[in-house]
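S.K.: Under numbering that gives the first Met the number 0, the first residue of the sequence shown is numbered 0, with each subsequent residue one higher. Before I ask anything, let me first share the structure, which is written out below as C-alpha cells.
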Amino acid sequence: MTSTSTKPNDLQSLDTMTGGAFTAPTSGERAQRIRDWLAGNPAPEQMQEVFKELSGRDKGAARLLREKLDELKRAKGQEAIAAEWAHKAEALLAQPKLNIADALAWQRDAAKAGAPLSREPLAGFKARLAERVKGIEDLQHRAQVHREAAVLLAQRFEVLSTKSWRDAQAAEEALRADVAHWQQQAAEITADGNWNSLDAKFAPQLESSKAQLLVVSDAFHQALAQTIAAAEDAAAPLPPVPVWADELRIARGGVAEAAAPAAQKPPVPKVDPEKRAAAQAAVEAALAKLEKETAEGHGKASAGAAAALRAVLKEHGKLVEPPLEARVHAALVAAGELEGWQRWSADKVREELVAKAEALLKRPEGQALGGRKMQETLRTLREQWKQADQGGVPNHALWKRFDEACNEAHKVVEAWLEKVRADAAEHRAQRLALIEEVKAWAAEHADASDLKAHNRALHQFADRWRDAGHVGEKVFAELQPQWNEAFGSARAPFEAQQKASIERRQAMIAEAAELGAAPMLRIDAVKALQQRWQAEAQSVPLDRRQEQKLWDAFRAPIDEAFNRKSAEREKAAAAVSEHDRNVLNASKALDAANSTGDAQKIRAAVAQLEAALRGEAPASTATSNGPAVGATEVVAPGQAAAEFGESAEQAPAPGDAEASPVAPAESAASAPDLVAPADGADPSARTDAAEAEASPAPAAPPKPAPKPVIAVRGDDRPGNKKAEALPAGRGGKFGDRRDSRGAPGGRPNDRAPRANDRGAPAGGGRFGDRPPRFEDRGPRLGDAAFRAQREALERAELALRKLAAQAHGEALTQVLGAWEQRDASKLPSAQELGRAVTPAVRGQWSQALAAGPTAAADDAAEALLRLEMAAEVPTPAEQLDARRALQLKLLTKRGDPAPVQTWGQDAGKVLAAAHDAASARRLQNALKALLRK
0 MTSTSTKPND
10 LQSLDTMTGG
20 AFTAPTSGER
30 AQRIRDWLAG
40 NPAPEQMQEV
50 FKELSGRDKG
60 AARLLREKLD
70 ELKRAKGQEA
80 IAAEWAHKAE
90 ALLAQPKLNI
100 ADALAWQRDA
110 AKAGAPLSRE
120 PLAGFKARLA
130 ERVKGIEDLQ
140 HRAQVHREAA
150 VLLAQRFEVL
160 STKSWRDAQA
170 AEEALRADVA
180 HWQQQAAEIT
190 ADGNWNSLDA
200 KFAPQLESSK
210 AQLLVVSDAF
220 HQALAQTIAA
230 AEDAAAPLPP
240 VPVWADELRI
250 ARGGVAEAAA
260 PAAQKPPVPK
270 VDPEKRAAAQ
280 AAVEAALAKL
290 EKETAEGHGK
300 ASAGAAAALR
310 AVLKEHGKLV
320 EPPLEARVHA
330 ALVAAGELEG
340 WQRWSADKVR
350 EELVAKAEAL
360 LKRPEGQALG
370 GRKMQETLRT
380 LREQWKQADQ
390 GGVPNHALWK
400 RFDEACNEAH
410 KVVEAWLEKV
420 RADAAEHRAQ
430 RLALIEEVKA
440 WAAEHADASD
450 LKAHNRALHQ
460 FADRWRDAGH
470 VGEKVFAELQ
480 PQWNEAFGSA
490 RAPFEAQQKA
500 SIERRQAMIA
510 EAAELGAAPM
520 LRIDAVKALQ
530 QRWQAEAQSV
540 PLDRRQEQKL
550 WDAFRAPIDE
560 AFNRKSAERE
570 KAAAAVSEHD
580 RNVLNASKAL
590 DAANSTGDAQ
600 KIRAAVAQLE
610 AALRGEAPAS
620 TATSNGPAVG
630 ATEVVAPGQA
640 AAEFGESAEQ
650 APAPGDAEAS
660 PVAPAESAAS
670 APDLVAPADG
680 ADPSARTDAA
690 EAEASPAPAA
700 PPKPAPKPVI
710 AVRGDDRPGN
720 KKAEALPAGR
730 GGKFGDRRDS
740 RGAPGGRPND
750 RAPRANDRGA
760 PAGGGRFGDR
770 PPRFEDRGPR
780 LGDAAFRAQR
790 EALERAELAL
800 RKLAAQAHGE
810 ALTQVLGAWE
820 QRDASKLPSA
830 QELGRAVTPA
840 VRGQWSQALA
850 AGPTAAADDA
860 AEALLRLEMA
870 AEVPTPAEQL
880 DARRALQLKL
890 LTKRGDPAPV
900 QTWGQDAGKV
910 LAAAHDAASA
920 RRLQNALKAL
930 LRK
C-alpha cells in the first residue's frame with residue numbers, strides 16, 4: 000500500500016518543484032517549464048530524479064535535463080583537470096628563473112588536455128604567466144636597446160673628437176649627463192626581478208657595453224681637459240686628439256706646424272700587408288652579410304648581422320680603409336631603419352590575425368564553422384602568428400587578444416572532439432557486435448543449400464561493415480584482421496561451391512564445343528545443354544564479370560554452329576527457281592503498269608501475273624491471254640468505273656433490267672464492240688478464257704438453280720429484297736484462291752472439296768475426267784517472290800480503285816453540267832456512266848434534257864425523294880416530312896416496284912424538270928451512291 004500511494008505523491012511533488020512540467024498539456028510547454036526550472040540551478044540529485052521520471056513520458060523535455068546533467072559531469076571532470084594544471088602553473092610562477100618556452104608549453108598542453116582555461120583559477124594563472132612572459136620579453140628588448148644606446152653614445156664621442164675642441168667643450172656636460180643616465184638605466188635593468196629569467200648572453204653583453212662606454216667617456220673627458228689646459232698655457236703639452244692638436248698649433252701662430260709635428264711624432268709602426276688584407280676581408284664579409292639581410296628585409300637576421308659587423312669592426316677597425324669604413328656606417332644606419340619597419344609591419348600582420356580569430360565566432364547564422372574546419376583554421380592562424388613573431392619583436396598585448404579569441408573558438412573544437420570520441424566508441428562497439436554476428440551466422444549456415452540467399456546475406460554483412468561508421472586508424476587496424484577472419488570463414492563454403500560450379504561450367508563449355516564442331520547440329524542436345532547451364536547459373540551465383548566471361552565462352556561455339564547453319568540456309572534460299580523469276584518479272588511489269596495510270600495496261604499486267612502464279616510459261620501466257628487482253632485493251636477510258644465495280648463484285652440492282660425490258664437493237668448490237676464482256680473484266684473469267692482458247696466462243700454459263708424460298712422477318716416488299724449474289728466470278732483481292740463452292744452448275748448446298756481434291760471444279764469427276772492442269776495456286780513460291788506478287792497486286796487494286804473513282808466523279812459532273820445547260824450532247828456515254836446505267840436509261844435521260852423542262856415540280860420532288868431512298872442517303876431537314884409521307888404511301892402500294900428498281904426513271908424525271916442548285920446537290924449525292932452499285 001505504501002509503494003502504490005507514494006509514487007503519485009512523488010510525481011505531484013516533482014510537478015510542484017518543476018513548476019507544473021508533468022501536468023503541462025503540450026510538449027512545448029513542458030520543455031519551457033523545464034528550462035525555467037533549470038535556470039534556477041537546482042541540485043543535481045533533483046535533476047536526476049526529475050529526469051528519471053520524465054524520460055519515459057517526454058523524451059524531448061528529458062533531453063534538456065540530460066544535457067544539463069552531462070554538462071555538470073563534464074564540469075566536474077574539468078575541475079579535476081583544472082586543479083592539476085593550476086598546481087603546475089603555481090610551480091612555474093614560483094621558479095626564480097622562468098623559461099618562456101615552459102610557460103607557452105603549459106598553455107598549449109592545458110588546452111590539449113581540455114582544461115577550462117577561460118574559467119578560474121586557470122584564467123588567473125594564464126594571465127599571470129602571460130604577464131610574466133611579457134615582462135621577460137620586455138626586459139630582453141630593453142637590454143638590447145640599452146646596448147645599442149651605448150654604441151650610439153660611443154659614436155657621439157668619436158664624432159666630437161673629429162670636430163673643434165670648442166664644440167666638444169660645449170657638448171661635454173650633455174654627454175656626461177647622458178652617460179650617467181645610461182648607467183642608471185642599466186642598473187634598473189639588472190635590478191629587475193625577471194633579470195635572472197633572461198638568456199645568459201644578455202648579462203655579459205650589457206656589462207661589456209657598460210665598460211666600453213666608460214672607457215671612451217673617460218678618455219674623451221681627459222683629452223678635452225688637456226686641450227683646455229693647452230689652450231690656456233702655450234707651454235702645456237698638446238692633446239692626443241689630432242684635430243684638437245692641429246687647432247691649437249694654428250692658434251699659437253707663426254710656425255709652419257704641419258711638417259714639424261709630423262717629424263716630432265714617433266714613427267708610426269708599419270702594418271703587415273697580409274694582416275691589413277685579412278682585416279679588410281673580415282670586415283667586407285660581415286658587411287656583405289648585413290647588406291644582404293637588409294636588402295631581403297629580414298629584421299632579426301639584419302640585427303644579428305649588424306652586431307657581428309660591429310664586433311669585427313671593433314677588432315679590425317684600425318686597419319680598415321676610409322671608403323670601407325663609410326660603407327660600414329651606411330649599412331649600420333640602414334639596418335636600424337629596417338628593424339623599426341619590420342616591427343611595424345609585424346604588428347600589422349598580428350592585428351589582421353587577431354581580427355580573423357575574433358571573427359571565428361561572429362559568423363552569420365547558418366555559416367558557422369564545424370569542428371574540423373575550426374580546428375584547421377585555428378592551427379593555420381597560430382602558424383601564421385609564429386611566422387609573424389619571427390619577423391619582428393613580439394607584441395604581448397596583441398598576443399593576449401589573439402590567444403583569448405583562439406581559446407574561445409577552441410571550445411567548438413573541444414565539443415566536436417568529444418562527439419567524435421563518443422561516436423568512435425559507439426562505432427567500435429557496433430563493429431565488434433557485427434563480427435560476433437558474422438561468426439554466429441557462419442556457424443549456423445555452414446551447410447546452406449540456398450547459395451543465392453547465402454551470397455545475398457554475405458553482401459549485406461559487407462555493406463553493414465562498410466557503413467558502420469568512422470573509427471580511428473589504430474582501432475580500424477585492430478578490427479580489420481578480426482573482420483577478415485570472420486568474414487573469410489563465413490564465405491569459405493560459398494567459395495568452395497563457386498569453385499565446383501566453375502569446374503562444371505568448364506565441362507559444359509567443352510561439351511558445347513563438341514556439339515558446335517559436329518557436322519550435324521543436334522538442336523535437342525543444344526537445348527538440353529542450355530537448360531543445364533541455366534540451372535547451374537541459377538543455383539550457384541558468380542561474380543558478374545566472371546559469369547559473363549564463362550557464358551560468352553559457352554555460347555561462342557553454339558552461335559558459330561547456328562551461324563553456319565543460317566549461312567547454309569541463306570545460300571540455299573538465294574538460288575531462285577525459274578517459277579520465282581517469272582513471278583518477279585511479272586510483278587515488276589505490274590508495278591510499271593501501275594506507274595502509267597492506265598487501267599487497260601494494269602489489267603493486262605494483272606492477267607500476266609496471275610498466269611505466272613499458276614505456273615504458265617510467259618510465252619504461252621502471252622498467246623493464251625490474247626483474246627482477254629485484247630478485249631480489255633479496246634475498252635474506252637470511261638468504262639473504268641464499270642470494270643472497277645465488277646472486280647469488287649458489286650452486282651447491279653435487279654430493278655435495272657426490269658426498268659428497261661426492251662433495249663434498242665442497235666445498242667445491243669454495238670455492245671460487244673464498245674464494252675468488254677462483264678466476265679472479261681474479272682481475272683477468273685480471263686483465266687477460264689485462257690484455258691478454253693480453242694473454242695471459238697465461250698459457252699454461256701448455265702442458268703443457276705432457283706433459290707429456295709426462305710421466310711424472312713421484316714418488310715417483304717419487292718424493293719426491300721436482298722440482292723442475290725452473282726452466279727459466277729471471284730471475290731476479294733487479286734490473287735485469292737478460288738474454291739469450287741458456289742461454282743456455276745453446282746448445287747447451292749454442295750460441300751467444299753476435300754484437301755486431296757487439289758481445288759478441282761465440281762462436276763470434274765472423282766478420277767480426273769478433265770485433262771490435267773496446274774493446280775489453281777500454282778507451284779510453291781519463295782518468300783521474296785510471294786511478297787513481291789502480293790504487294791504488286793495490292794498496289795494494282797489501289798490504282799484501279801483510284802482510276803474508277805476518278806472516272807465516276809468526272810461522269811457525274813458531266814451529267815449535272817448537261818442538266819444545267821439543257822444540252823443532251825454533253826451527257827456522258829453509257830460506257831462512261833458505268834454498267835449501272837443501261838443504254839435505255841441513258842437514252843431516257845437524253846430525251847429529258849433535249850425536251851426542256853416539262854416535268855411538274857411535285858413529280859420532280861417525289862422523284863428526288865425516291866432517288867434518296869434508293870441510294871440510302873440523308874434527306875434535307877425540310878423534306879423529311881415529305882419522305883416519311885412517301886414511305887407510308889409506298890407501304891400501301893405493295894405491288895409497285897421499289898425505288899431501288901426505278902432509280903433510272905426517277906433520275907430522268909428530275910432531269911426533265913427545271914434546274915436549281917438545291918435539287919442539283921441532292922441529285923449529285925444520290926447518283927454518287929447509285930452509280931457505284
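Just so you know, even glycine gets a beta-carbon here, dropped at the ideal spot from N, CA and C.
Using the beta-carbon count (16 or more within 10 Å), is residue 25 buried or exposed?
M.R.: Indexing the sequence shown from 1 puts residue 25 at position 26. Residue 25 should be labelled exposed.
S.K.: Once DSSP output is grouped into helix, strand and coil, what is the label at residue 899?
M.R.: To locate residue 899, count along the sequence shown from 1; it is residue 900. DSSP places residue 899 in coil when its eight states are reduced to three.
S.K.: For residue 942, count the other beta carbons within 10 Å of its own beta carbon; 16 or more makes it buried, fewer makes it exposed. Which is it?
M.R.: The shown model of the chain, from 0 to 932, leaves out residue 942, and the question about it has no answer.
S.K.: Can you confirm whether the region 483–502 touches the region 537–545 when touching is taken to mean that 3 or more C-beta pairs between the two stretches lie within less than 8 Å?
M.R.: With contact defined as three or more Cβ pairs closer than 8 Å, the region 537–545 and the region 483–502 are in contact.
S.K.: Indicate the three-state DSSP secondary structure (helix, strand or coil) for residue 325 in the structure shown.
M.R.: Taking the first residue of the sequence shown as 1, we reach residue 325 at position 326. Of the three classes helix, strand and coil, the one that applies to residue 325 here is helix, per DSSP.
S.K.: Along the chain, where does the alpha helix (DSSP H) containing residue 50 start, and where does it finish?
M.R.: Position 51 of the sequence shown, counted from the first residue, corresponds to residue 50. Element bounds for residue 50: 43–53.
S.K.: Considering Cα atoms alone, identify which of 153, 162, 198 and 445 is closest to residue 177.
M.R.: To locate residue 177, count along the sequence shown from 1; it is residue 178. Per the Cα distances, 153.
S.K.: According to DSSP, is residue 96 helix, strand or coil?
M.R.: Position 97 of the sequence shown, counting from 1, holds the residue named residue 96. Of the three classes helix, strand and coil, the one that applies to residue 96 here is coil, per DSSP.
S.K.: Which of the three DSSP states, helix, strand or coil, is assigned to residue 444?
M.R.: Translated into positions along the sequence shown, residue 444 becomes position 445. Looking at residue 444 - three-state DSSP - the assignment turns out to be coil, as it is neither helix nor strand.
S.K.: Assuming contact is defined by CB atoms lying nearer than 9 Å, are residue 589 and residue 792 in contact in what I supplied?
M.R.: Reading the sequence shown from its first residue, position 590 is the one you call residue 589. Reading the sequence shown from its first residue, position 793 is the one you call residue 792. Going by C-beta atoms, residue 589 is nearer than 9 Å to residue 792.
S.K.: With burial defined as no fewer than 16 other Cβ atoms inside 10 Å of the residue's Cβ, what is the status of residue 600: buried or exposed?
M.R.: In the sequence shown, residue 600 corresponds to position 601, counting from 1. Buried.
S.K.: Would you kindly work out how many angstroms separate the C-alpha atoms of residue 353 and residue 397, rounded to a whole number?
M.R.: One-based indexing of the sequence shown puts residue 353 at position 354. One-based indexing of the sequence shown puts residue 397 at position 398. Computed Cα separation, rounded: 7 Å.
S.K.: Buried or exposed: which applies to residue 251, given that a residue is buried once 16 or more other Cβ atoms fall within 10 Å of its Cβ?
M.R.: By one-based count along the sequence shown, residue 251 stands at place 252. Label assigned to residue 251: exposed.
S.K.: Expressed to the nearest angstrom, what Euclidean distance is found between the alpha-carbon atoms of residue 436 and residue 486?
M.R.: Mapped onto the sequence shown, residue 436 falls at position 437. Mapped onto the sequence shown, residue 486 falls at position 487. Distance between the alpha carbons of residue 436 and residue 486 is about 10 Å.
S.K.: Restricting to Cα atoms, I'd like to know which of 848, 163, 185 and 449 is closest to residue 240.
M.R.: For the purposes of this step, residue 240 is identified with residue 241 of the sequence shown, where counting begins at 1. Nearest C-alpha to residue 240: 163.
S.K.: CA-CA distance, residue 53 and residue 78?
M.R.: Sequence index remark: in the sequence shown, residue 53 carries index 54 (1-based). Sequence index remark: in the sequence shown, residue 78 carries index 79 (1-based). C-alpha separation (whole angstroms): 29 Å.
S.K.: Use the C-beta contact count for residue 868: other C-beta atoms within 10 angstroms, 16 or more gives buried, fewer gives exposed.
M.R.: Taking the first residue of the sequence shown as position 1, residue 868 is located at position 869. By the 10 Å Cβ count, residue 868 comes out buried.
S.K.: For residue 509 and residue 779, I'd like the C-alpha separation in whole angstroms.
M.R.: For this step, residue 509 is matched to residue 510 along the sequence shown. For this step, residue 779 is matched to residue 780 along the sequence shown. Going from the Cα of residue 509 to the Cα of residue 779 covers about 42 Å.
S.K.: Would you mind listing the beta strand (DSSP E) stretches within the region 212–254 that are 3+ residues and don't spill past its ends, in chain order?
M.R.: none
S.K.: Between the alpha carbons of residue 199 and residue 42, how many angstroms are there, rounded?
M.R.: Within the sequence shown, numbered from 1, the residue matching residue 199 stands at position 200. Within the sequence shown, numbered from 1, the residue matching residue 42 stands at position 43. When rounded, the distance between both Cα atoms is 55 Å.
S.K.: I need the DSSP call for residue 525, collapsed to helix, strand or coil.
M.R.: Taking the first residue of the sequence shown as 1, we reach residue 525 at position 526. Three-state result, residue 525: helix.
S.K.: Quick one: residues in its chain with C-beta nearer than 6 Å to the C-beta of residue 781, no 5 flanking neighbours on either side, listed in chain order?
M.R.: The residue given as residue 781 occupies position 782 in the sequence shown. Around residue 781: 579.
S.K.: Among 330, 321 and 278, which residue has its Cα nearest to the Cα of residue 302?
M.R.: As a position in the sequence shown, residue 302 is number 303, starting the count at 1. Checked all of 330, 321 and 278; the closest Cα to residue 302 is 330.
S.K.: Where are the alpha helix (DSSP H) runs, 4 residues long or more, that stay fully inside the region 415–444, in chain order?
M.R.: none
S.K.: To the nearest angstrom, report how far apart residue 146 and residue 70 are at their CA atoms.
M.R.: Looking up residue 146 in the sequence shown gives position 147. Looking up residue 70 in the sequence shown gives position 71. A direct Cα-to-Cα measurement between residue 146 and residue 70 gives close to 55 Å.
S.K.: Roughly how many angstroms separate the alpha carbons of residue 545 and residue 422, rounded to a whole number?
M.R.: On the sequence shown, residue 545 is found 546 positions in, with the first residue counted as 1. On the sequence shown, residue 422 is found 423 positions in, with the first residue counted as 1. Using only the alpha carbons, I get a separation of about 39 Å.
S.K.: Only counting the same chain, and skipping five residues up and downstream in sequence, which positions put a Cβ closer than 8 Å to that of residue 514?
M.R.: By one-based count along the sequence shown, residue 514 stands at place 515. 520, 521, 524, 525, 528, 556, 557 and 560, listed in sequence order.
S.K.: Tell me whether residue 293 is buried or exposed, calling it buried when 16 or more other Cβ atoms sit within 10 Å of its Cβ.
M.R.: Within the sequence shown, the letter at position 294 stands for residue 293. For residue 293, the number of other beta carbons within 10 angstroms of its own is at least 16, and it is reported as buried.
S.K.: Could you tell me whether the Cβ atoms of residue 122 and residue 80 are closer together than 9 Å?
M.R.: Within the sequence shown, the letter at position 123 stands for residue 122. Within the sequence shown, the letter at position 81 stands for residue 80. Not in contact: residue 122 and residue 80 (Cβ atoms no closer than 9 Å).
S.K.: Sorted by chain position, which residues of the same chain lie with C-beta nearer than 6 Å to residue 827's C-beta, five sequence neighbours on each side aside?
M.R.: Indexing the sequence shown from 1 puts residue 827 at position 828. The residues are 810 and 813.
S.K.: Within a Cβ cutoff of 7 Å, which residues of the same chain sit near residue 858, ignoring the five residues on either side of it in sequence?
M.R.: Residue numbering aside, residue 858 sits at position 859 when the sequence shown is read from its first letter. Same-chain partners within the cutoff: 908.
S.K.: In terms of alpha-carbon separation, which member of 143, 91, 109 and 596 lies closest to residue 130?
M.R.: Within the sequence shown, the letter at position 131 stands for residue 130. Residue 130 has its Cα closest to that of 91, out of 143, 91, 109 and 596.
S.K.: Could you please give the first and the last residue of the uninterrupted alpha helix (DSSP H) stretch that includes residue 30?
M.R.: As a first step, residue 30 is located in the sequence shown; it is residue number 31 there, counting from the start. Residues 26–38.
S.K.: When burial is assigned at 16 or more other CB atoms within 10 Å of the CB, is residue 936 buried or exposed?
M.R.: An answer regarding residue 936 cannot be provided, because it is not within the stretch 0 to 932 covered by the chain.
S.K.: Can you tell me where the alpha helix (DSSP H) holding residue 935 begins and where it ends?
M.R.: As shown, the chain starts at 0 and ends at 932. That puts residue 935 outside it, with no answer to give.
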